[in-house]
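Under my numbering, the sequence shown is numbered contiguously, ending at residue 90. Each residue gets a CB set at the ideal place from its N, CA and C atoms; glycine is no exception.
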Amino acid sequence: MPPKYLSSFLKVDYLISGAYCKVFDTSSERKTAENLVWEIREVQAILRDDWKVILVAITSDAAGEAKKARWLCSAADPSLITPDCWAHQV
């Protein structure tokens, strides 16, 4: 079975094209909302502590465990913007 990766991509203001913050090897993990929330929190800490950036929004797949993870993040931090990704529905 090929390896599975989860990456976090950062977009800051309109001047920067974007950068990858962290890539997780999730080959040995189940794709659960709780695991995804843990990874989002880890990226949030990297952005805050190392990059001096405040995370204001996250997006992910529009269904399943990814949607639940966004809901859990939003419940824990109501100031976080968490829209669905509609890229595959267009």
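Alpha-carbon spacing of residue i relative to residue j, whole angstroms
i: Val-23; j: Ser-8; result: 6 Å
i: Pro-3; j: Pro-83; result: 28 Å
i: Cys-85; j: Glu-65; result: 14 Å
i: Ile-54; j: Met-1; result: 37 Å
i: Lys-67; j: Asn-35; result: 13 Å
i: Leu-72; j: Ile-46; result: 19 Å
i: Tyr-20; j: Trp-38; result: 18 Å
i: Leu-10; j: Ser-27; result: 23 Å
Endpoints, beta strand (DSSP E) assigned at residue i
i: Val-37; result: Per DSSP, Val-37 belongs to no beta strand (DSSP E); it is in the alpha helix (DSSP H), 33-49.
i: Lys-52; result: Element bounds for Lys-52: n/a, residue is neither H nor E.
Option nearest residue i by Cα separation, candidates the options
i: Glu-29; options: Leu-6, Leu-47, Ala-19 and Ile-46; result: Leu-6
i: Ala-33; options: Pro-78, Asp-61, Ile-81 and Asp-77; result: Asp-61
Cβ distance (whole Å) where residue i is taken to contact residue j below 8 Å
i: Ile-81; j: Ala-57; result: 4 Å
Residues that residue i bridges to, as DSSP identifies them
i: Ser-60; result: Asp-84
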